[in-house]
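S.K.:
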Amino acid sequence: MKTMNFRIRYFISVSALCFLFLTTHAQNTITGNFPALAGEQVRLVGFTSFGICTIDSTSVSEQGVFQLNYSDKDRGMGYISASDNKAYFVVLDKENIQLKGEALSVPESVITLSGEENKLFVQYAVEHPKREQSLRAWDYLLKIYQGDSLFSKQETPRKTIEEEIQRLKQEDVGFLESLDPKSYISWYLPLRKLVSSVGTIAQYRTNEIPAAITAFRNLDYTDERIYKSGLLKDAIESHFWLIENSGQALDSVFKQMNISIDFLIKSLSGNEAKFNEVTKNLFHLLERRSLFQSSEYLSLKVLTQNSCMVNDHLAKQMETYRAMKKGNTAPEIIFTGDVLKSGSAVETPNRLSDIQSDYKLVIFGASWCANCVEELKLLQSFYDKWKLKGVEVVFVSMDTDVGAFKTFTKPFNFISMCDYLKWDNQAVKDYYVFASPSMFLLDQNQKIVLRPVSIRQMETWVNYKIEDKN
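According to the working numbering, the sequence shown holds residues 7 to 476 in order.
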């Protein structure tokens, strides 16, 4: 009897554990009927922060039927793709989905047979762009009826246009408000709408810019939903693009960007992994767009905050804005390895401080860097004029091949040096160089005067800041 009781208890315990495992890792299915895809491989792809991952893959049967699985932990957005790698987007929110159609690459041919969130997602994906297109047309007409003397007295059509604009907006808002607040799309669709609308807002509905920027600032970057949405990168880029294209003066643009940076860092406070992930992406975005004032602001904020540890690699990239900002004294550079001028070796000067000149432009680059090749070729056309105005140039190469370095620098009639250590060169480390080309303009006391982003900017600075010595 005791043995029987033990077996019953054991069976119940094992059953309970199995049930717990199954519910914790519940499998949901996506079944499709696409005869045209017979024999092809299809895969279900999910989003992870700034990347993607394959959730499941399978072969389509001869009848064109396939089944893909996803679990509750995959909650978010995903897409199905076949051999052409074109995406058909689906909502992965604990529901079984049935699809049929001609091709995943032709969304209008796909019918959602089951999966309520997916049906609503498809409905909004079809209807919202139509409303937006109509709104742009009505906005255009409204401006004519408000501003053109030929139409401004026509109150009836103007009111009709205003009413139709209001109706379209309310219809869109009403759809979103009708969604189950517990559903994924009730969170996702408003964010997608915000991200996709920035171009239209900047061009046609500029009065909505402040509200859109506020909406971006209020995003919670610790919310797991955004990391599975595929919108994380777009949200950050759209946010700062809208500020950049808001029609404000440049000083105001940087001020607004810095305010947004404050919001973003505050949102990420205490979540170390996401803090590093998001701030790294934003830093690289600002660098790519040459928004260096905001790059510097972000760097100093990140390096001086105390709520999260900063990734060493990210900290090194950002440190350049703290250690190498304007007004600081630049580190000494000892000329080691091959030191050339016009292809010939030079014995002196031996270090940067030995060069007696009003200004010194230090350029870090390499022959393998396409942009460096273009910039240094352009520099050659300006160098003689700059030298007459008291500007000397030193090129610190990160080449690793002796022949490539010597061939590349033979035309340069300014000092070029290379020790073939690439990123391990001491000057590269001392100047916190992490991209090429990188430039630093120093005065005669080696104080940093300017960090040019291009030779063209340097040429403009020389023309406006330095008087001829004639």
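Glycine included, C-beta positions come from ideal geometry on N, C-alpha and C.
Per DSSP, Asn39 forms a beta bridge with which residues?
M.R.: Answer is Val71, Lys106, bridged to Asn39.
S.K.: When you compare only the Cα positions, how much space is there between Ala441 and Tyr146?
M.R.: Each residue's alpha carbon lies about 44 Å from the other.
S.K.: Terminal residues of the continuous beta strand (DSSP E) containing Thr118?
M.R.: Unbroken beta strand (DSSP E) run through Thr118: 117-120.
S.K.: Would you mind sorting Ala336 into buried or exposed? The rule is 16 or more other CB atoms within 10 Å of its CB.
M.R.: Buried.
S.K.: If you measure between the beta carbons of Gly121 and Ser115, is that distance less than 8 Å?
M.R.: The answer is no: Cβ separation not under 8 Å.
S.K.: Give the straight-line distance between the Cα atoms of Phe341 and Val455, rounded to the nearest whole angstrom.
M.R.: Roughly 22 Å between the two C-alpha positions.
S.K.: Hey, which unbroken runs of the alpha helix (DSSP H) at 4 residues or more fall wholly within the segment 379-418?
M.R.: Entirely contained in the segment 379-418, the alpha helix (DSSP H) runs reaching 4 residues are, in chain order, 408-415.
S.K.: Could you compute how far the alpha carbon of Leu351 sits from the alpha carbon of Val345?
M.R.: Checking the sequence shown, residue 351 turns out to be Ala, not Leu. So the two alpha carbons sit approximately 6 Å from each other.
S.K.: Which word fits Lys305, buried or exposed, when buried means at least 16 other C-beta atoms lie within 10 angstroms of its C-beta?
M.R.: Reading the sequence as shown, one finds Ser at residue 305 and not Lys. Buried, since its Cβ has 16 or more Cβ neighbours within 10 Å.
S.K.: What are the boundary residues of the alpha helix (DSSP H) that includes Gly205?
M.R.: Residues 190-209.
S.K.: Would Pro163 be called buried (16 or more neighbouring beta carbons within 10 Å of its own) or exposed?
M.R.: So Pro163 counts as exposed.
S.K.: Go to Lys175, then tell me how far its alpha helix (DSSP H) extends in each direction, as first and last residue.
M.R.: Residues 161-183.
S.K.: Give the secondary structure of Ala88 by DSSP, where H, G and I count as helix, E and B as strand, and everything else as coil.
M.R.: The answer is coil: DSSP assigns Ala88 none of H, G, I, E or B.
S.K.: State yes or no: is the C-beta of Leu238 within less than 8 Å of the C-beta of Met263?
M.R.: In this structure, Met263 does not lie closer than 8 Å to Leu238 by Cβ.
S.K.: In three-state terms, what does DSSP make of Phe260?
M.R.: In this structure, Phe260 counts as helix in the three-state DSSP scheme.
S.K.: Quick check on this structure: which residue in Met315, Tyr194, Ser301 has the alpha carbon closest to the alpha carbon of Thr326?
M.R.: Ranking the options by Cα distance to Thr326, first place goes to Ser301.
S.K.: Should the segment 459-469 be called in touch with the segment 354-362, which here means at least 3 C-beta pairs below 8 Å?
M.R.: Result no; under three Cβ-Cβ pairs closer than 8 Å.
S.K.: Determine the DSSP secondary structure at Gln152, reduced to helix, strand or coil.
M.R.: If DSSP states are grouped into helix, strand and coil, Gln152 belongs with the helices.
S.K.: Would you tell me roughly how many angstroms separate the C-alpha atoms of Tyr76 and Thr220, rounded to the nearest one?
M.R.: In a straight line, the C-alpha of Tyr76 is about 35 Å away from that of Thr220.
S.K.: If Ile61 and Gly84 are in contact, beta carbons under 8 Å, what's the gap, nearest whole angstrom?
M.R.: Right, the Cβ-Cβ distance comes to about 6 Å (below 8 Å), so this counts as a contact.
S.K.: Quick one: using the 10 Å Cβ neighbour count with 16 as the cut-off for buried, is Phe154 buried or exposed?
M.R.: As written in the sequence, residue 154 is Asp, which differs from the Phe given in the question. Its Cβ having fewer than 16 others within 10 Å, Asp154 is exposed.
S.K.: Could you tell me whether the Cβ atoms of Val400 and Phe420 are closer together than 8 Å?
M.R.: Contact: yes.
S.K.: Which full runs of the beta strand (DSSP E) of 3+ residues lie inside the segment 282-315, going along the chain?
M.R.: Entirely contained in the segment 282-315, not one beta strand (DSSP E) run reaches 3 residues.
S.K.: When DSSP builds the beta bridges, which residues end up paired with Ala351?
M.R.: Leu346, per the DSSP bridge assignment.
S.K.: From the DSSP output, read off the bridge partner residues of Cys59.
M.R.: Cys59 is bridged to Gly52.
S.K.: So, with DSSP's three-state summary, where would you put Thr466?
M.R.: Thr466: helix per DSSP, three-state reduction.
S.K.: Bridge partners for Cys424 per DSSP, in chain order?
M.R.: DSSP lists Asp344 as partners of Cys424.
S.K.: Could you check whether Val408 and Tyr365 sit closer than 8 Å to each other, using their CB atoms as the reference points?
M.R.: No, these two residues do not count as a Cβ contact at 8 Å.
S.K.: Tell me, which residues are paired with Lys366 by DSSP?
M.R.: In the DSSP output, where bridge partners are listed per residue, Lys366 has Glu398, Leu448.
S.K.: Just confirm the distance between the C-beta atoms of Ser273 and Thr310, as a whole number of angstroms; I'd bet it's less than 8 Å.
M.R.: Between Thr310 and Ser273 the Cβ distance is about 17 Å, and since that is not below 8 Å, they are no contact.
S.K.: Along the chain, where does the beta strand (DSSP E) containing Ile454 start, and where does it finish?
M.R.: First-last of the beta strand (DSSP E) with Ile454: 454-456.
S.K.: I'd like the span of the beta strand (DSSP E) that includes Tyr94, first residue to last.
M.R.: Its beta strand (DSSP E) spans residues 94-98.
S.K.: Round the Cβ separation of Met330 and Val308 to the nearest angstrom and send it over; I've been treating them as touching at under 8 Å.
M.R.: About 16 Å separates the two Cβ atoms, so there is no contact after all.
S.K.: Using the DSSP secondary-structure output, state which residues sit across from Thr64 in a beta bridge.
M.R.: Answer is Val48, bridged to Thr64.
S.K.: Helix, strand or coil for Arg223, going by three-state DSSP, please let me know.
M.R.: Looking at Arg223 - three-state DSSP - the assignment turns out to be helix.
S.K.: Quick check on Gly253: buried or exposed, where buried means 16 or more other Cβ atoms within 10 Å of its Cβ?
M.R.: Flag for Gly253 reads exposed.
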